[in-house]
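S.K.: Residue numbers (UniProt numbering): 1 to 337.
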């Protein structure tokens with residue numbers, strides 16, 4: 001399609017990021033970057049336009065310093081108000097890993113919000129009501145990702161049983177687009193992947209060099225350094241988890257695989273899938289060393305997932321606006337566009 005004839009209605013996939021490093025990784029995953037389009041009245045979002053394969057994608061970023069479910073919901077609603085042909089979206093970026101006996105999650109791995117019998121794939125763990133005795137009862141369930149994405153998940157999972165993922169390839173291609181001194185931002189860190197006992201707090205330092213290594217949890221070394229993809233619930237709330245005890249409690253109570261701060265704001269307002277690269281363990285030992293690589297592998301997974309979504313599947317999928325209207329969700333978007 002000639003760039004001069006491209007319009008808002010030519011974009012069918014929305015890709016949302018919360019942090020600049022996530023937006024940069026998303027942009028570098030595009031096969032082509034398109035010229036900007038005029039921003040419509042009342043839309044305060046900033047967009048990047050491009051394509052992956054046959055799919056036209058618009059990337060939206062949360063305002064700097066405005067992380068959380070409310071900001072994510074606002075960005076999602078404005079995106080759908082401006083781009084009426086959007087079928088579904090991705091929330092792609094970094095998250096805190098929640099290792100457990102059910103999921104050997106490590107730094108640089110990927111968590112994808114696959115629904116379970118008891119959740120739609122994202123659990124808002126701060127939504128509920130206080131009970132007597134200091135107890136908290138979680139209420140409500142967020143929407144599942146749309147069928148077209150769940151079908152794509154099944155297709156890609158089956159493919160990965162017999163073939164290697166292309167994530168490492170896509171991250172390498174991302175780095176090749178950059179100057180060498182900047183490409184290191186998205187490289188896998190040489191820093192050791194350390195998971196400490198939940199009760200052991202970090203010693204004041206930028207790294208864990210001064211932390212007591214006798215407090216490390218024993219883990220079997222992996223035979224490779226490629227990211228492992230975990231499919232399961234993502235925990236979302238308007239709070240940063242920086243406590244290993246709290247993290248482990250969430251794992252026991254909810255079975256979540258990672259924690260983050262935006263997805264719960266999108267799921268009922270924007271049919272989407274959440275993809276998180278693991279950059280820390282949601283404890284006091286967290287630092288920013290793994291953020292670039294985690295953002296890159298998450299974006300690479302989104303790109304690989306799109307490779308198994310045919311353009312005719314997109315064309316046959318109802319628009320997100322129609323899906324929300326049919327379900328009675330988020331009717332405010334009708335009046336903004």
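C-beta: ideal position from N, C-alpha, C; glycine also.
Nearest to residue 314 by alpha carbon, out of 31, 39, 38, 87?
M.R.: Of the listed residues, the one whose Cα sits closest to residue 314 is 87.
S.K.: Counting only the same chain and skipping the five closest in sequence on each side, list residues whose C-beta sits under 6 Å from that of residue 308.
M.R.: 152, 155, 156, listed in sequence order.
S.K.: How long is the line joining the alpha carbons of residue 150 and residue 274, rounded to whole angstroms?
M.R.: When rounded, the distance between both Cα atoms is 12 Å.
S.K.: Under 8 Å: do the region 165–183 and the region 293–305 share three or more Cβ pairs, one atom per stretch?
M.R.: Contact between the region 165–183 and the region 293–305 is present, because at least three Cβ pairs lie under 8 Å.
S.K.: Whole angstroms is fine: what's the gap from residue 327's alpha carbon to residue 12's?
M.R.: Each residue's alpha carbon lies about 20 Å from the other.
S.K.: Given a cut-off of 8 Å, decide if residue 148 and residue 226 are closer than it, judged by their beta-carbon atoms.
M.R.: In this structure, residue 148 does not lie closer than 8 Å to residue 226 by Cβ.
S.K.: Secondary structure at residue 116, three-state DSSP: helix, strand or coil?
M.R.: The answer is coil: DSSP assigns residue 116 none of H, G, I, E or B.
S.K.: So the alpha helix (DSSP H) residue 71 belongs to, where does it begin and stop?
M.R.: Here the alpha helix (DSSP H) through residue 71 covers 69–82.
S.K.: Since residue 32 is in the alpha helix (DSSP H), which residue starts that stretch and which ends it?
M.R.: First-last for residue 32: 32–34, but that is the beta strand (DSSP E), not the alpha helix (DSSP H).
S.K.: Just how far apart, CA to CA, sit residue 263 and residue 24?
M.R.: C-alpha separation (whole angstroms): 19 Å.
S.K.: My output table needs one value for residue 9: the three-state DSSP class, helix, strand or coil.
M.R.: The answer is helix: DSSP assigns residue 9 an H, G or I state.
S.K.: According to DSSP, what are the bridge partners of residue 45?
M.R.: Answer by DSSP bridge pairing: none, since residue 45 is not bridged.
S.K.: Could you tell me which of 144, 58, 70 sits nearest to residue 267, measuring between CA atoms?
M.R.: Comparing Cα-Cα distances from residue 267 to each of 144, 58, 70, the minimum goes to 144.
S.K.: At what residues does the beta strand (DSSP E) containing residue 124 begin and finish?
M.R.: It spans 122–124 - the beta strand (DSSP E) in which residue 124 sits, taken as one unbroken run.
S.K.: Round the Cβ separation of residue 278 and residue 105 to the nearest angstrom and send it over; I've been treating them as touching at under 8 Å.
M.R.: That pair is a contact at about 6 Å.
S.K.: Label residue 102 either buried or exposed according to how many other C-beta atoms from any shown protein chain fall within 10 Å of its C-beta, with 16 as the threshold for buried.
M.R.: Residue 102 comes out exposed.
S.K.: Examine the Cβ distances between the region 79–93 and the region 198–206 and report whether three or more of them are shorter than 8 Å.
M.R.: Too few Cβ pairs lie closer than 8 Å, so no.
S.K.: Kindly provide the ranges of any alpha helix (DSSP H) runs that are 4 or more residues long and lie completely inside the region 208–296, ordered along the chain.
M.R.: Runs found: 244–254.
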